[in-house]
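For reference, the structure discussed in these notes is given below.
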Amino acid sequence: MGWLWHGKKIADAIVVNNSAYVPVRAMSEATGAGVTVEGKTIIVESKETEKAALKASIAAAKLRERLAGAESSVQVLKEAIQLVETTAADLTSAADLEARRNYIAELNKRVEFMEIEISQIKTQLGE
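Mapped onto UniProt numbering, the consecutive letters of the sequence shown carry residue numbers 1 to 127.
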């Protein structure tokens, strides 16, 4: 008895008690899967599994890159807030002080937004 893949005989096979026995390596090579043997265990992994793992790895790397950028942005924003707060004492007009307060409030909103994004990215990464 032969084992056919897309109409082409790949290997000889036998049937015992309604179970087919086919050479695993021949079957995996024909289907594009990889075979490894660890002790008494034969592991067949499809290329699709490898592709999915690669895609997941790339997605995680992109998330880590976004996380690093967001964390860097938060640090820069906090430093800007500190700088603005220390120079605010030099201002004398009420209009300048109000503009400075508004600017600090805007920077704090950006920090809050970035911290939410950081939290979401960490959740996606499972952290």
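Glycine included, every Cβ here is placed at the ideal spot set by N, Cα and C.
Rounded to whole angstroms, D12 and I118 show a C-alpha spacing of 56 Å. Counting the other CB atoms within 10 Å of its CB gives I43 a total below 16, which places it among the exposed residues. The criterion of a C-beta distance shorter than 9 Å is not satisfied by A80 and L54. A contact is defined here as three or more CB-CB pairs under 8 Å, and the region 111–125 meets this definition with respect to the region 56–67. Approximately 6 Å separates the beta-carbon atoms of V84 and Y103; this is inside 8 Å, confirming the contact. When M114, R100, E29 and D96 are compared, the shortest CA-CA separation from S72 is found for M114. Per DSSP, the beta bridge partners of I42 are V37.
The beta carbons of A88 and L97 sit about 7 Å from each other, so the pair counts as a contact at 8 Å.
Apart from sequence neighbours up to five positions away, the residues of its chain that approach L91 with a beta-carbon distance below 7 Å are L97 and R100, ordered along the chain.
Listed in chain order, the non-local C-beta contacts of K40 below 8 Å within the same chain number zero, local neighbours out to five positions each way being set aside. Excluding five sequence positions before and after R66, the CB atoms of its chain that fall closer than 7 Å to its own CB belong to I121, given in chain order.
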